[in-house]
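Sequence order for the protein chains is A and B.
Counting in my numbering, the first sequence runs from 1 upward without gaps.
Counting in my numbering, the second sequence runs from 1001 upward without gaps.
The next block holds one structure in the form of structure tokens; read it before the comments.
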Amino acid sequence: SQQGEEDPQALSIQEGENATMNCSYKTSINNLQWYRQNSGRGLVHLILIRSNEREKHSGRLRVTLDTSKKSSSLLITASRAADTASYFCATDAGNDYKLSFGAGTTVTVRA
Amino acid sequence: NAGVTQTPKFRVLKTGQSMTLLCAQDMNHEYMYWYRQDPGMGLRLIHYSVGEGTTAKGEVPDGYNVSRLKKQNFLLGLESAAPSQTSVYFCASSYPRAPYTFGSGTRLTVV
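Shown next, in the form of structure tokens:
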């Protein structure tokens, strides 16, 4: 079963606006990662946040992690048309390193 | 360019036929993975390997076999294809607890 669940399933915003998506998971984790997938392509890693971290930044991306609520959020600031993609959270839980992916959030940035 | 290469990119099989998907990585990664992606379901782990000569079952292993005879290659086999195996297959590789690098995918249709 999937560990992470993203919310919302789809998001449409105007260029320049911020986009926020959330991920909830079920069990304790070692780390949580966010990936982007452009249509018809493979997934690309965006950011990794460890279980003892609360916030990380990378360029226009900001990720938060609340282990007490078993949730994470990804914020994309000042969105661009090129940010149009599906975004997935993935959790690393357990001894073997294997990621469990959610169903993803599809983000459309309108010009 | 360094990365993960999947072959073939597209394939149409008849029910009952067999095929092998090849994944090759040139980053000296220990871990390799096979996922399938279906609409609305995110990525589901089929099999994975934590090192040369080792394999393990993931979330949806039935109907698939794998082999990792060389560190850089991870093969996914379908012995008797079924329409339910129509999907997009992604290979990924990584160091332990590090972000994945994904291939560009294989789109398989079983008729």
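Beta carbons: idealized from backbone N, C-alpha and C, even for Gly.
Keep in mind the model is a prediction, meaning the values are calculated, not measured.
Closer than 7 Å at the beta carbon, the chain A residues around B:L1076: Indexing the second sequence from 1 puts residue 1076 of chain B at position 76. None at all; the shortest Cβ gap to chain A is about 15 Å.
Closer than 8 Å to chain B by CB, A:K56: The residue given as residue 56 of chain A occupies position 56 in the first sequence. Not an interface residue.
Interface partners of B:P1099 on chain A, CB under 8 Å: Position 99 of the second sequence, counting from 1, holds the residue named residue 1099 of chain B. Neighbours of B:P1099 on chain A, chain order: Q33, H45 and L48.
Pairwise C-alpha distance: A:T91 and B:Y1031: In the second sequence, counting from the first residue as 1, residue 1031 of chain B sits at position 31. In the first sequence, counting from the first residue as 1, residue 91 of chain A sits at position 91. Approximately 16 Å between the Cα atoms of the pair.
CA-to-CA distance, A:K69 to B:P1008, given in whole angstroms: In the second sequence, the residue the question calls residue 1008 of chain B occupies position 8. In the first sequence, the residue the question calls residue 69 of chain A occupies position 69. Approximately 42 Å, taken between the alpha carbons.
Cβ separation of B:L1108 and B:L1013, assumed to be a contact under 8 Å, to the nearest whole Å: Taking the second sequence and counting its residues from 1, one reaches residue 1108 of chain B at position 108. Taking the second sequence and counting its residues from 1, one reaches residue 1013 of chain B at position 13. Contact flag correct, Cβ pair sits at about 7 Å.
When B:A1056, B:P1039, B:T1054 and B:D1026 are compared against B:Y1089, the one with the closest alpha-carbon: Your numbering for residue 1089 of chain B matches position 89 in the second sequence. With distances taken between Cα atoms, B:Y1089 lies closest to B:P1039.
Under the three-state DSSP convention, the category B:Y1100 falls into: Here residue 1100 of chain B is taken as the residue at index 100 of the second sequence, counted from 1. DSSP places B:Y1100 in coil when its eight states are reduced to three.
Beta strand (DSSP E) segment containing A:K69, residue limits: Taking the first residue of the first sequence as position 1, residue 69 of chain A is located at position 69. Element bounds for A:K69: n/a, residue is neither H nor E.
Proximal chain B residues relative to A:R41, where beta-carbon distance stays under 7 Å: As a working mapping, residue 41 of chain A is identified with position 41 in the first sequence. By Cβ distance, chain B contributes S1104.
8 Å Cβ cutoff, A:A103 in contact with chain B: Along the first sequence, one-based indexing puts residue 103 of chain A at 103. At least one chain B Cβ lies under 8 Å of A:A103.
Cβ contact (3+ pairs, closer than 8 Å) linking the stretch 1041 to 1051 of chain B and the stretch 93 to 107 of chain A: yes
One or two residues paired with A:D92 in a DSSP bridge: Here residue 92 of chain A is taken as the residue at index 92 of the first sequence, counted from 1. BP columns for A:D92 point to A:N31 and A:L99.
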